[in-house]
Structure formats: structure tokens, C-alpha cells
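Written out below as C-alpha cells is the structure these notes cover.
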């Protein structure tokens, strides 16, 4: 009896293998992160943070923490309402995402 092992569907990369290839400092930051970042997404933001921080990994980690806090504040107010403790204050304006900016144009 033939088993169902012949399939064209396959993963391109193992999520754990992708995680293992991340820089050590980034893996340490992820260990304390609140959100469930994918390796691909966090690596993209890490590279941008490193560029903004001039190569300073501690500053890049701080920038990632700020990004995460903004994401949590945005989601908290949308999901649980403006009175939630993690919700962003009403007077703080958020930068529109690149995707949103492209759809408006």
C-alpha cells in the first residue's frame, strides 16, 4: 500500500531553523518579547533598527521594544477599547503603515 508521502506541498524553511539563524542579540530580545514575532518579520525590523541605531545593538533592541509597544497600544485600543491600560492615548498619532499609504494614493 502506497503511503501519502508524495506531495508537492513542502515548507521552504523550518521556522526553528530560521530562528536559529537570527543574530544572538535578536534572539535574546525575542526571549522577552510580548508579541509572537515570526523570524522573517522580526529580522526585517531588526535590520531597520540597526540602521537607525548606527549599528548599536542595545539601541536597536530598544527601538524594537518601542515598536512592539506601539503595536500593542494600537491593538489594545482597537480590541479592548480606549479605556484599556495598554491603549494608546487619543492625542498620540500613529504613523500610517506603508501599505495604507500605498492604498490611498
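Residue numbers (my numbering): 16 to 120.
We put the CB at the ideal spot given by N, CA and C, even for glycine.
Residue i burial status per 10 Å Cβ neighbour count (16 or more: buried)
{"i": "residue 50", "result": "exposed"}
{"i": "residue 95", "result": "exposed"}
Range of the contiguous alpha helix (DSSP H) that encloses residue i
{"i": "residue 36", "result": "Here residue 36 belongs to no alpha helix (DSSP H), and DSSP marks it neither H nor E."}
{"i": "residue 99", "result": "First-last for residue 99: undefined, no H or E at that position."}
{"i": "residue 28", "result": "Here residue 28 belongs to no alpha helix (DSSP H), and DSSP marks it neither H nor E."}
{"i": "residue 63", "result": "54-67"}
Residue from the options with nearest C-alpha to residue i
{"i": "residue 44", "options": "64, 30 and 29", "result": "64"}
{"i": "residue 103", "options": "95, 89 and 94", "result": "89"}
{"i": "residue 52", "options": "66, 68 and 34", "result": "34"}
{"i": "residue 39", "options": "72, 86, 67 and 29", "result": "72"}
Cβ-Cβ separation, residue j to residue i (assumed contact under 8 Å), whole Å
{"i": "residue 75", "j": "residue 61", "result": "7 Å"}
{"i": "residue 57", "j": "residue 78", "result": "Their Cβ separation, rounded to whole angstroms, is 12 Å, which puts residue 57 and residue 78 out of contact at 8 Å."}
{"i": "residue 48", "j": "residue 37", "result": "Residue 48 to residue 37, Cβ: 12 Å. No contact."}
{"i": "residue 87", "j": "residue 101", "result": "5 Å"}
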